[in-house]
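Residue numbers for the sequence shown, in the numbering used here: 688 to 798.
Idealized CB from N, CA, C, for every residue including glycine.
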Amino acid sequence: MAPESTVVVLGRSPEKMRAATTVLETSGFAVVGVFTEADALRAIAAHDSLLAVVAGGSVSAPARERLRAAAEPHGAVIVDTAIGHADPTAHFTYEVLPHLIAARTSHAAAH
Numbered sequence: 688m689a690p691e692s693t694v695v696v697l698g699r700s701p702e703k704m705r706a707a708t709t710v711l712e713t714s715g716f717a718v719v720g721v722f723t724e725a726d727a728l729r730a731i732a733a734h735d736s737l738l739a740v741v742a743g744g745s746v747s748a749p750a751r752e753r754l755r756a757a758a759e760p761h762g763a764v765i766v767d768t769a770i771g772h773a774d775p776t777a778h779f780t781y782e783v784l785p786h787l788i789a790a791r792t793s794h795a796a797a798h
């Protein structure tokens, strides 16, 4: 899988993470699912190039800024999302996936 297709997903619910991973992998993305900011920062640092970091609703504003600062030098965009009580599969399909497809298209055009 191309580095431009790697997405780090930070959340707190294993159920929502499974749904997110399934949706994204089915659409051709390589997913690194993590449950802590420290693990997200390690996952970001482990990739020379990555497409995006998806930050779930449980991620604080200061943590989002730290993730943004870590991800931008790797060429990644930040996608903020909050599933709440929505169906996680539908949420990732209709709310998150369009942002990632747009980012992947933009990356491909730039390279």
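From this set, the options, which residue's C-alpha is nearest residue i's C-alpha?
i	options	result
Gly-743	Ala-797, Gly-715 and His-778	His-778
Glu-735	Glu-782, Ala-758, Arg-751 and Gly-720	Reading off the sequence shown, one finds Asp at residue 735, where the question assumed Glu. Of the listed residues, the one whose Cα sits closest to Asp-735 is Ala-758.
Ala-727	Arg-755, Thr-776 and Thr-792	Arg-755
Thr-792	Thr-780, Ala-739 and Glu-752	Ala-739
Ala-790	Gly-762, Gly-771, Thr-780 and Ser-747	Gly-762
Val-694	Leu-787, Ala-796, Ile-770 and Tyr-781	Leu-787
Between which two residues does the beta strand (DSSP E) carrying residue i extend?
i	result
Ala-717	717 to 721
Thr-693	693 to 697
So, under 8 Å CB-CB, residue i and residue j are touching, yes? Tell me the CB distance rounded to an integer number of Å.
i	j	result
Arg-751	Ile-770	The pair is not a contact, with the Cβ atoms about 16 Å apart (cut-off 8 Å).
Val-718	Val-696	6 Å
Val-710	Thr-768	About 12 Å separates the two Cβ atoms, so there is no contact after all.
Gly-698	Phe-716	No, Gly-698 and Phe-716 are not in contact; Cβ-Cβ is about 15 Å, not under 8 Å.
Which residue spans inside the region 733 to 764 form an unbroken alpha helix (DSSP H) run of at least 4? Counting only runs of 4 or more, we get 748 to 758.
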